[in-house]
Amino acid sequence: MPLLTVHHCRSCCFRRPRKDIRSHSGRMSEKYGPVFRLYFGPQMTVIICGYEAVKEALIDQAEAFSGRGTMESFNQVLQGYGISLSNGEIWKQTRQFTIMTLRDFGMGKRSIEERIQEENQFLVEEFRKTKEIPFDPTYFFSKATANVICSITFGKRFQYDDEEFLNLLKMINESFILISSIWGQLFNMYTSIMKYLPGPHNKIRHCLEGLEKYVLKKAKENQESLDPNNPRDLIDSFLIKIEQEKQESSHFHMKCLAMTVLTIFFGGTETLSTTLRYGFLLLLKYPDIEEKLHEEIDCVMGQEHIPCFEDRNKMPYTNAVLHEIQRISDLLPMNVPHETTQDTQFRGYLIPKGTQVIPLLHSVLRDPTQFSDPYSFNPGHFLDEKGNFKKRDAFMPFSAGKRICLGEGLARMEIFLFFVSILQNFNLKSKIPPKDIDISPAVSNFASFPHFYELSFVPR
Ligand code: HEM
């Protein structure tokens with residue numbers, strides 16, 4: 057069994073970070089096949105491309121590929137805690153604890169659905185106030201999705217003009233954009249040098265520390281009024297767990313609490329708001345698809361019914377469009393880096409323990425063996441010939457296997473409820489003709505962002 061000695065492109069990736077790593081990796085995979093290695097700075101990384109190979113790694117060899125690779129831009133503050141970047145026992149215990157707690161608070165159940173429905177009403181009211189004047193929806197979507205996370209973690213939502221809330225959003229938004237930028241990439245590659253150099257990358261640390269401070273302040277407030285028998289939010293549940301596991305070896309302590317809440321914030325706000333922003337841009341580009349959505353919404357729920365997640369079962373077209381929005385917007389094209397937890401035999405190669413691995417989600421979502429027209433926005437990818445919803449195994453925007461997105465259930469519910477209630481109330485109007493709308497990503501590194509746009513919401 058040979059050690060992994062596939063072709064690599066040390067020359068270009070070593071010298072300069074790429075603006076669009078997806079297309080570069082795509083070209084490499086055409087040339088060298090579904091498994092090859094690249095150097096990100098000095099870091100050797102194995103790239104896995106295409107549905108079959110990614111499925112084999114993340115699902116068939118789940119344990120071996122379940123480690124988390126490094127992302128120093130984040131980890132400089134997370135320091136191996138939280139869920140997204142932790143490994144071993146810390147990861148297992150905090151992930152399991154958080155999933156159980158979110159379930160207790162109704163993840164996939166009625167109470168979280170009600171929080172989203174409530175937030176929807178505030179968002180629709182905000183849009184009404186715009187009086188059909190075109191505007192950039194970015195911050196509205198960020199506020200609504202962040203409020204859902206706030207109600208889970210802090211037990212309350214904020215007014216949209218609350219100073220504290222706006223400051224919190226600014227820190228999340230800025231750090232997310234910077235981590236996704238060339239600066240974030242350079243920091244991840246050359247941490248030991250970059251941490252001493254001036255530049256925008258230093259702001260990432262500043263923002264993440266600001267968030268940590270805020271969470272710790274909230275935790276202190278919760279501690280003062282904690283009722284161990286009646287947890288009000290995720291922070292309360294964590295505090296109770298810390299109290300129960302007081303022994304020295306426990307992974308549950310204040311740093312872990314702060315980093316877990318921080319990862320939930322990071323995972324659950326910009327991801328969703330960017331999906332909403334990309335989705336509405338795609339609907340502006342394809343008004344015929346928007347029209348069909350209105351028809352299905354009018355037929356299934358009319359104007360008065362408050363949308364609930366169960367309605368999705370009666371709305372195959374809407375469900376297909378929302379899947380296609382996630383497929384095309386390709387939010388985290390490179391996934392979050394994984395790492396092998398043991399020496400691993402994969403497709404004829406031996407990948408040593410501790411090797412960084414990127415199962416390229418972009419290559420799965422655009423796999424021509426799985427989607428007939430992978431680069432077109434076509435809801436037909438998720439419909440059968442009778443118009444019923446058709447599940448596709450290669451639909452992997454949340455990844456797969458042991459590291460699969462912890463918030464998938466919440467995200468799917470929010471995406472459905474936000475889109476449907478906005479379209480139930482408004483027609484969309486673009487500032488520019490659909491033919492001039494550019495739906496390619498403006499940036500596509502760690503995350504993909506759509507180009508800036510403005511739209512009007514016209515009451516129906
Ligand atoms: C459209 C929305 C979302 C997308 C596309 C998305 C996608 C992803 C992806 C691709 C990963 C990496 C999986 C891997 O390493 O293989 C991930 C991890 C994660 N996501 Fe999400 N996510 C979304 C929403 C959310 C929400 C709402 C939450 C919060 C509850 C969340 C929390 C997390 C966490 C904590 C992880 C780390 C899991 C781990 O390392 O074990 N995500 N997500």
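Counting in this note's numbering, the sequence shown runs without a single skipped number right up to 516 at its last residue.
Idealized CB from N, CA, C, for every residue including glycine.
Just so it is clear, the structure is predicted and the values come from calculations on it, not from any experiment.
Buried/exposed call for residue i, threshold 16 Cβ in 10 Å
i	result
D386	buried
V514	exposed
A498	exposed
L59	Caution is warranted here: a pLDDT of 43 is assigned to L59, below 50, making its placement in the model unreliable, and the coordinate value is therefore given only provisionally. Answer is exposed; the Cβ neighbour count stays below 16.
P489	exposed
T425	exposed
R166	Only weak support is given to the placement of R166: the predicted model assigns it a pLDDT of 49, under 50, and the question is left unresolved by the model.
I249	exposed
D217	exposed
Y107	buried
C355	exposed
Y137	buried
M127	buried
G463	buried
D440	exposed
D292	buried
L466	buried
H361	exposed
M156	exposed
P284	exposed
K75	Low per-residue confidence applies at K75: pLDDT is 49, beneath 50, and the placement is therefore not dependable, though the value from the model is reported in the following sentence. Answer is exposed; the Cβ neighbour count stays below 16.
N369	exposed
H63	Low confidence applies here, because H63 scores a pLDDT of 41, under 50, leaving its location unreliable; read the following figure in that light. The residue in question, H63, is exposed, as its Cβ has fewer than 16 Cβ neighbours within 10 Å.
S237	buried
R93	buried
L421	buried
P193	buried
G144	exposed
S53	Shown here, the chain extends from 57 to 516; a query on residue 53 therefore has no answer.
Contact belief for residue i with residue j at Cβ below 8 Å, rounded distance in angstroms
i	j	result
F336	L179	At roughly 12 Å, the Cβ-Cβ gap does not stay under 8 Å, so F336 and L179 are not in contact.
N176	F474	6 Å
V413	I104	6 Å
E169	F365	6 Å
F445	E380	Their Cβ separation, rounded to whole angstroms, is 11 Å, which puts F445 and E380 out of contact at 8 Å.
P435	A376	4 Å
Q480	P372	Not quite, the Cβ-Cβ distance comes to about 17 Å (not below 8 Å), so this is no contact.
V476	I353	6 Å
R160	G211	According to the sequence displayed, residue 160 carries Asp and not Arg. Contact flag wrong, Cβ pair sits at about 13 Å.
F153	K297	6 Å
M357	D367	6 Å
L318	V271	6 Å
L484	E346	6 Å
Cβ pair residue i, residue j closer than 8 Å
i	j	result
T325	I235	no
L338	F472	no
P415	L114	yes
H418	M390	yes
M310	Q99	no
H394	G125	yes
V110	E265	no
L17	I208	With the chain covering 57 to 516 only, the question about residue 17 has no answer from this structure.
E16	I172	Residue 16 falls outside the range modelled here, since the chain spans only 57 to 516, and no answer is possible.
G240	S329	no
F427	A450	yes
F294	T327	no
L225	K199	yes
V91	Y405	yes
K341	I493	yes
S122	K442	no
T397	V102	no
F197	L332	yes
A503	F96	no
S230	K259	Before going further, note that residue 230 is Glu rather than Ser in the sequence given. Contact flag set, yes.
I205	F308	no
L242	A275	no
D399	K409	yes
Q117	F402	yes
K487	P190	yes
Proximity test, residue i beta-carbon vs the ligand FAD heavy atom, cut-off 7 Å
i	result
L378	This structure lacks the ligand FAD; its bound ligands are the ligand HEM.
query = Which runs of the alpha helix (DSSP H) spanning at least 4 residues fall entirely within the region 437-504, listed in chain order?
reply = List check, alpha helix (DSSP H) in window: 464-481.
Exercise. Run through the region 257-304 for me and flag every whole alpha helix (DSSP H) of 4 or more residues, listed as ranges in chain order.
Key: Within the region 257-304, the complete alpha helix (DSSP H) runs of at least 4 residues are 258-280 and 290-300.
**Request:** Ignoring anything shorter than 4 residues or poking outside the region 218-262, list the alpha helix (DSSP H) runs there in chain order.
**Result:** If we require 4 residues or more, the alpha helix (DSSP H) runs fully inside the region 218-262 come out as 219-236, 238-245 and 247-250.
TODO: Can you check the region 352-402 for any alpha helix (DSSP H) of at least 4 residues that lies completely inside it and give the ranges in chain order?
DONE: If one requires a minimum length of 4 residues, the alpha helix (DSSP H) runs lying completely within the region 352-402 are 372-385, in chain order.
Within the region 82-123, ranges of the beta strand (DSSP E) (whole runs, at least 3 residues):
For the region 82-123, whole beta strand (DSSP E) runs of length 3 or above, ordered along the chain, are 91-96 and 99-104.
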